[in-house]
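Asker: Quick one: the structure is below, questions incoming.
Number of protein chains: 2
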Amino acid sequence: MDGVIADTEAQFMDWYEKEHGIRVPREERLGVPEQDGFPDKTAVRRYVYTPGFFRTIPVMPGAIEAVKTLMEDYEVFIVSAATEFPQCLAEKLEWLNEYFPFISWTNIVLCGDKSIIDTDYLIDDHCKNLDFCKGKPIMFNGSHNVNQLHHTRVMNWDEVLALFAQEELSV
Amino acid sequence: MDGVIADTEAQFMDWYEKEHGIRVPREERLGVPEQDGFPDKTAVRRYVYTPGFFRTIPVMPGAIEAVKTLMEDYEVFIVSAATEFPQCLAEKLEWLNEYFPFISWTNIVLCGDKSIIDTDYLIDDHCKNLDFCKGKPIMFNGSHNVNQLHHTRVMNWDEVLALFAQEELSV
């Protein structure tokens, strides 16, 4: 969800700018872990525990249409590491209901560790999830993961669709 | 969670008694789907959407000590069908933090359909989850499931521990 269908980095930049009056561009965070990506090192950690943060994240460009397209051929589940931040659970469901109302509650998983999730593919922005996933891992590009190069990488949702179109051809 | 570590049926009986002044014993619900288990057929459906319902469910007898014992040899995950009832998400986490504080947020999964959960065992009170699980299914006895006989059944948490002790002997 975060960093894949939700543009969590854009939200960090927006909230940081609101608080500190400075817009720290993505280029300055390349290869930097998310929590260290801004001059005020307490910011990210504070934001993710603030009510409203997860409810108001902008949708990742192209995500809504691309997920709809994938659902024509695949059963799509939203699997979000969320139980670390109890206040975000309801916000994440409300967010999904607003932007992805076509995804049923049956296909939403709010979890911690994703190691027990068994899907044919996993699109994620973190190696901690992709390295041990049971299906094919797909790294969704984000500033923090640009140096983690051992998984197939997609730069955006157009590239996700292109990848799956190719998968279908190769079956 | 419900019907396994949380005695959801006891909570239904308590809430029904509070509302209607009648205690409908377990014996009258044998083989009856949960939502049909009380004379007022609207009751169960109303209760599960009522704030506070999930937060105040009594713990299943023996569950806390048994889960602690299992954690000596197994990695235990709590996997709860919860996304159908958005108001219950935070309540379920709070409930777990109160009664099972030794279970990390990393090992909590709040989901819909459990079909993408891949564990070696699944202890559950519903065939809809057990029939398609990837590991060994274990049916936790409940009034509503007494006629569903195609899975190994445990009557209580003592029997869960006995079953796993036997599993270890047979390895």
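Protein chains in written order, with full-length UniProt numbering: chain A, 1 to 171; chain Z, 1 to 171.
The C-beta atom is built at its ideal place from N, Cα and C for all residues, glycine as well.
This one's a predicted model, so the numbers in the text were calculated from it and none came from an experiment.
1. Thinking just about the alpha-carbon of each residue, which of Z/Glu159, Z/Asp73, Z/Val4 and Z/Ala82 is nearest to the one in Z/Met60?
2. On the DSSP bridge assignment, give the partners of Z/Val44 in chain order.
3. Using beta carbons (cut-off 8 Å, strictly below), is A/Glu167 in contact with chain Z?
4. Measuring straight from C-alpha to C-alpha, what distance separates Z/Ile117 and A/His20?
5. What's the call for Z/Pro29, buried or exposed, on a 16-neighbour Cβ count within 10 Å?
6. May I ask you to verify whether the region 119 to 136 of chain A touches the region 102 to 110 of chain A, counting CB pairs closer than 8 Å and requiring at least 3?
7. Along chain Z, in chain order, which residues have C-beta atoms closer than 7 Å to that of A/Leu107?
8. Please name the residue or residues paired with A/Ala6 in a DSSP beta bridge.
9. For A/Leu122, which residues does DSSP report across the bridge?
10. Using the three-state DSSP reduction, which class does Z/Ala66 fall into: helix, strand or coil?
11. Nearest to Z/Ala66 by alpha carbon, out of Z/Leu169, Z/Ser170 and Z/Leu163?
12. Taking Z/Asp113 as the reference, give the member of Z/Asp131, Z/Met155, Z/Leu96 and Z/Tyr74 with the closest Cα.
13. Counting pairs of beta carbons, one from the region 31 to 42 of chain Z and one from the region 77 to 85 of chain Z, are three or more of them closer than 8 Å?
14. Determine the contact status of Z/Arg26 and Z/Glu9, defining contact as a CB-CB distance below 8 Å.
15. To the nearest angstrom, report how far apart A/Thr50 and Z/Gln148 are at their CA atoms.
16. Hey, how far is the Cα of Z/Glu91 from the Cα of A/Val109?
17. If you measure from the beta carbon of A/Ile123 to each beta carbon in chain Z, is any gap under 8 Å?
18. Helix, strand or coil for Z/Ser80 per DSSP?
19. Going by Cα to Cα distance, which pick from Z/Thr69, Z/Pro86 and Z/Leu93 is closest to A/Glu84?
20. Does any residue of chain Z have a CB that is nearer than 8 Å to the CB of A/Phe77?
21. Just how far apart, CA to CA, sit Z/Met1 and Z/His144?
22. Output needed in chain order: residues of the region 52 to 86 of chain A with a Cβ under 7 Å from some Cβ in chain Z.
23. Does the beta-carbon distance from A/Leu169 to A/Thr69 come in below 8 Å?
24. At a Cβ threshold of 8 Å, is Z/Ser104 touching chain A?
25. State the Cα-Cα distance for the pair A/Gly52 and Z/Cys111, rounded to the nearest angstrom.
26. Can you check whether the CB of Z/Leu89 is closer than 8 Å to the CB of A/Leu89?
27. Would you report the Cα separation of Z/Met139 and A/Gln11, rounded to the nearest angstrom?
28. Just the chain Z side, please: which residues come within less than 9 Å of A/Leu93 by C-beta, in chain order?
29. Starting from Z/Thr152, follow its DSSP beta bridges and name the residues at the other end.
30. So which residues on chain Z does A/Asp118 lean against when the C-beta distance must stay under 8 Å?
31. What is the rounded straight-line gap between the Cα of A/Ala43 and the Cα of A/Val146?
32. Starting from the Cα of A/Phe54, find the closest Cα among A/Cys127, A/Val32 and A/Pro86 and give me that residue.
33. Where A/Asp73 and Z/Asp158 are concerned, what is the direct C-alpha to C-alpha distance, given to the nearest angstrom?
34. Near Z/Gly135, which residues of its chain fall below 6 Å by C-beta distance, leaving aside the five closest residues on each side in sequence?
Answerer: Inspection of the coordinates gives the following:
1. Z/Val4
2. Per the DSSP secondary-structure output, Z/Val44 pairs with nothing in a beta bridge.
3. no
4. In this structure, the alpha-carbon of Z/Ile117 lies about 42 Å from that of A/His20.
5. According to the sequence as given, residue 29 of chain Z is Arg; it is not Pro. When all chains shown are included, Z/Arg29 counts as buried.
6. Three or more beta-carbon pairs separated by less than 8 Å are not found between the region 119 to 136 of chain A and the region 102 to 110 of chain A, which leaves the two stretches without contact.
7. First, the amino acid is wrong: residue 107 of chain A is Asn here, not Leu. In chain order: Gly112 and Asp113.
8. A/Asp2 and A/Val59
9. A/Pro137
10. helix
11. Z/Leu163
12. Ranking the options by Cα distance to Z/Asp113, first place goes to Z/Asp131.
13. no
14. Closer than 8 Å, so yes.
15. For A/Thr50 and Z/Gln148, the gap between their C-alpha atoms comes out near 45 Å.
16. 16 Å
17. At a cut-off of 8 Å between C-beta atoms, A/Ile123 does not count as an interface residue with respect to chain Z.
18. strand
19. Z/Leu93
20. yes
21. 16 Å
22. Phe77, Thr83, Glu84 and Pro86
23. no
24. yes
25. 22 Å
26. yes
27. 44 Å
28. Thr83, Pro86 and Leu89
29. Among the bridge pairs identified by DSSP, Z/Thr152 is matched with Z/Ile138.
30. Those are Ile116, Ile117, Asp118 and Lys134, listed as they occur along chain Z.
31. 22 Å
32. The residue with the shortest Cα to Cα distance from A/Phe54 is A/Pro86.
33. 45 Å
34. Thr119, Asp120, Tyr121 and Leu122
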